[in-house]
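A quick write-up on the structure given underneath.
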Amino acid sequence: MLRLLGIGVRGLEPRASWPPSRHSTKLSYTPLARGIILHPMVISTSGSAAKHAQSRSGPTNSERPSRSATAALLAWFRASRRPLPWRTAWRDPYRVLVSEVMLQQTQVAAAVPYYLRWVERFPTLEALAAADEAEALALWSGLGYYGRARRLHAAARAVVASGSPGLPADLAGLRALPGIGPYTAGAVMALAHNQRAPAIDGNVIRVLSRVDALEEGGKAAGLRSVEAAWLRLAPRRAMRHYAEALMELGATVCSPTGPDCGRCPLKVVCLAGIRGNATAYPVPSKRPAVTAVAHACALVRGDDAVLLVRQTEAGLWQGMLEMPRAEVQAAEAPQDAAVRALLAVTGLRGDLIRAWPTVRHSVTRYRVTLHPFEFSLPDRWRASDALEAQWVRVSSLASAPLPAAQRRALVSAFGSAARGANAG
DNA sequence: AATCCGGGGAG
DNA sequence: CTCCCAGGATT
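Read in order, the letters of the first sequence are residues 4 to 427 in the numbering used here.
So, in structure tokens, the structure goes:
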């Protein structure tokens, strides 16, 4: 039946037949539309009167209803958008980049305080490039995926080193910078430069997969279909608002498990919504099994300080400060792993003082349990004996580049003095 | 195409 | 507790 109505058949009507200046199709997104489309009577109107019938009954994913749906989307965004600190009248490409990188794998509420602190400390690309990586990581501490901060810092340095006055204003130039992939490059082009550049994040994949009933939305092949949908629905000029509206819609209305289709501005063109099975799209990829792993770390007190090590190896927590840590091997006691970690850094076997409560956190498909053990070291030992180790004053922990799990362990031992300045 | 990078929110 | 979510780099 849906095929009879032309739904989902793209290119059914030529773009030229629907001048964008005409907006007489507002009826097509009335609340009645969904009921009308499913009524058998509509089918009987196909044929020579089909065009007329569609303009009244609405739903089709060919060009004309897209225009009105886009207009509805933009109107909805004007009325419903959340006031967020990066949503200012004029968009600085650098600030767009900062906010978009922070919003990767991170929800808005978590990113806001970090964004405010970041742009206060690093108001420009030049300010960021002039800072140490450690300071950038410290401001990111607690936000997770610290590689984002390292790459953002590296991108700032790359731009400044190139002698350019600012970020590239083209997709290819942006893509060449570390940490900027297809999504972030598109977001900068659309949000800061108002260009017709698809900015397709997880929210947009979900929204447009539902609009076109695309099952493979998240896959490489499906991504091209999502991109085509993005371009098809795009307005002529208001690219900034459009790009952001799609993401906002996914974040607030077209949610993963409980979409509020009744209030959705795209409901007249959304195939999944019309069918009433929006949550069936996109088909989620099967998630890998979770593996439980255990790590142990050594907590050593100095003079109102704690022994920390900069993680130099690629992988988990690169560049961050943490207590000496080792993965607990099979059949190994966590305490022995902590001894091993301390030995690797100091060359000494500490004396065990006590165990601190374990900390649990998740790393993609791993569920990590961190076992902190407190040790004492001989008085003659100094941190300078080990290049990677350093004493960090307790009063400095708040502004130290600590990963969240390590910070939680330190908070249990040192109290709120160890709590981060960014959040919590 | 699969895997790895940390967190947090919802239920 | 469990389940779910998500860009970019690397291989």
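Glycine included, C-beta positions come from ideal geometry on N, C-alpha and C.
Work out the CA separation of residue j and residue i for me, nearest whole Å.
| i | j | result |
| --- | --- | --- |
| Gly276 | Ala248 | 18 Å |
| Thr361 | Ala112 | 27 Å |
| Ser419 | Ala329 | 26 Å |
| Pro291 | Val101 | 30 Å |
| Ala74 | Asp263 | 19 Å |
| Ala408 | Ser212 | 36 Å |
| Met192 | Leu217 | 26 Å |
| Arg199 | Ala237 | 8 Å |
| Val99 | Tyr148 | 18 Å |
| Tyr215 | Arg84 | One point to set straight first is that residue 215 is Asp, not Tyr, in the sequence displayed. Near 24 Å, if we compare the C-alpha coordinates of Arg84 and Asp215. |
| Ser228 | Leu177 | 23 Å |
| Trp143 | Trp121 | 8 Å |
| Leu106 | Thr260 | 20 Å |
| Trp384 | His244 | 60 Å |
| Asp173 | Pro327 | 43 Å |
Report the three-state DSSP secondary structure of residue i (helix, strand or coil).
| i | result |
| --- | --- |
| Cys264 | helix |
| Val45 | With a pLDDT of 26 at Val45, under the threshold of 50, the modelled position of this residue cannot be trusted, and the question is left open. |
| Gln393 | strand |
| Ile356 | strand |
| Ser415 | helix |
| Gly38 | With a pLDDT of 22 at Gly38, under the threshold of 50, the modelled position of that residue is not reliable, and the figure given next carries that caveat. The answer is helix: DSSP assigns Gly38 an H, G or I state. |
| Ala164 | helix |
| Ala78 | helix |
| Ala308 | strand |
| Arg1 | Because residue 1 is not part of the residues shown, which for the chain are 4 to 427, the question remains open. |
| Leu269 | coil |
| Leu217 | coil |
| Leu324 | strand |
| Gly176 | helix |
| Ser288 | coil |
| Ser258 | coil |
| Gly147 | coil |
Taking all protein chains shown into account, decide if residue i is buried (16 or more other Cβ within 10 angstroms of its Cβ) or exposed.
| i | result |
| --- | --- |
| Gln314 | buried |
| Gly350 | exposed |
| Ser168 | Before going further, note that residue 168 is Pro rather than Ser in the sequence given. Exposed. |
| Asn425 | buried |
| Ile356 | exposed |
| Pro404 | buried |
| Asp204 | buried |
| Glu325 | buried |
| Val272 | buried |
| Ala412 | buried |
Please return the same chain residues whose Cβ sits closer than 6 Å to the Cβ of residue i, not counting the five positions on each side in sequence.
| i | result |
| --- | --- |
| Cys267 | Val256 |
| Ala201 | It should be noted that the sequence gives Pro, not Ala, for residue 201. Excluding residues within five positions, the ones whose Cβ falls inside 6 Å are Gly189, Glu230, Trp233. |
| Ala254 | Asn206 |
| Pro181 | Arg154, Ala157, Ala158 |
| Arg94 | Leu194, Ala195 |
Starting from residue i, trace the beta strand (DSSP E) both ways and give me its first and last residue.
| i | result |
| --- | --- |
| Ser379 | 369-379 |
| Val303 | 294-303 |
| Val362 | 362-366 |
| Ala329 | 328-330 |
Can you tell me where the alpha helix (DSSP H) holding residue i begins and where it ends?
| i | result |
| --- | --- |
| Ser102 | 96-105 |
| Val491 | Past the edges of the chain, shown from 4 to 427, lies residue 491, and the structure says nothing about it. |
| Glu136 | 136-143 |
| Ser212 | 205-214 |
| Leu234 | 223-236 |
| Gly253 | 242-255 |
| Leu345 | 337-349 |
So, at 8 Å on beta carbons, what are the nonlocal neighbours of residue i in its own chain, with the 5 sequence-adjacent residues on each side left out?
| i | result |
| --- | --- |
| Leu252 | Leu76, Trp79, Phe80, Asn206, Val210, Cys267, Pro268, Leu269 |
Is there at least one non-hydrogen atom of the ligand ATP closer than 7 Å to the beta-carbon of residue i?
| i | result |
| --- | --- |
| Trp79 | This structure does not include the ligand ATP; it has no bound ligands of any sort. |
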